[in-house]
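Just below is one structure, and these are the notes that go with it.
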Amino acid sequence: MKAAISRRAARGAAAAALLLAALAPATGRAATGEELYKTKTCIACHGPDAKTPILPSYPKLAGQNAEYLLQQAKDIQSGARDNANTAAMKGVMHLVNDEELKLIADWLAALP
């Protein structure tokens, strides 16, 4: 009886491990700037092509200089850049770290 319970527990643990592995990001592969742009909510305001923001006052990000984009994002995060357009950004900037910001900026800069 103990052996049957142990086998059942082992199978349950193995199934849980497989499920967690399926839900986790792919190992050995870093997220791309495009994936981060979509999952970190940038797409919601700046558009799927980063050229069609939801408001005319929001910037078109595609093709901008990567260092410029990165600096603007960091300034919004820190509060150094503060205006009417940055209010919405402040609510989501906690979702990205510096490495992710760089990946997003590099991807945006490579867009036409």
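In terms of my numbering, the sequence shown opens at residue 2 and continues consecutively.
Just so it is clear, CB atoms sit at the ideal spot from N, CA and C, and this is done for glycine as well.
These numbers were taken from a predicted model, which means no experiment stands behind them.
Where L102 falls, given that 16 or more other Cβ within 10 Å makes a residue buried: Counting the other CB atoms within 10 Å of its CB gives L102 a total of 16 or more, which places it among the buried residues.
Could you name the residues of the same chain whose beta carbon sits closer than 6 Å to that of L104, not counting the 5 residues immediately before and after it, in chain order? Excluding the 5 residues flanking it on each side, L104 has same chain C-beta neighbours closer than 6 Å at G34 and L37, in chain order.
Using the three-state DSSP reduction, which class does Y38 fall into: helix, strand or coil? When DSSP states are grouped into helix, strand and coil, Y38 belongs to the helix group.
Going by C-alpha to C-alpha distance, which of M90, G64, A51 and M94 sits closest to A110? Nearest option by C-alpha distance: G64.
Identify whether M52 lies in helix, strand or coil by the three-state DSSP scheme. Reading off the sequence shown, one finds Lys at residue 52, where the question assumed Met. In this structure, K52 counts as coil in the three-state DSSP scheme.
Spatial neighbours of A89 within its chain, please: CB distance less than 7 Å, with the 5 preceding and 5 following residues excluded, ordered by chain position. So the list reads C46, once near-sequence residues are dropped.
With a threshold of 7 Å on Cβ separation, who are the neighbours of E68 within its own chain once the five nearest residues in sequence on each side are excluded? Counting only Cβ-Cβ distances below 7 Å, and skipping sequence neighbours, we find nothing.
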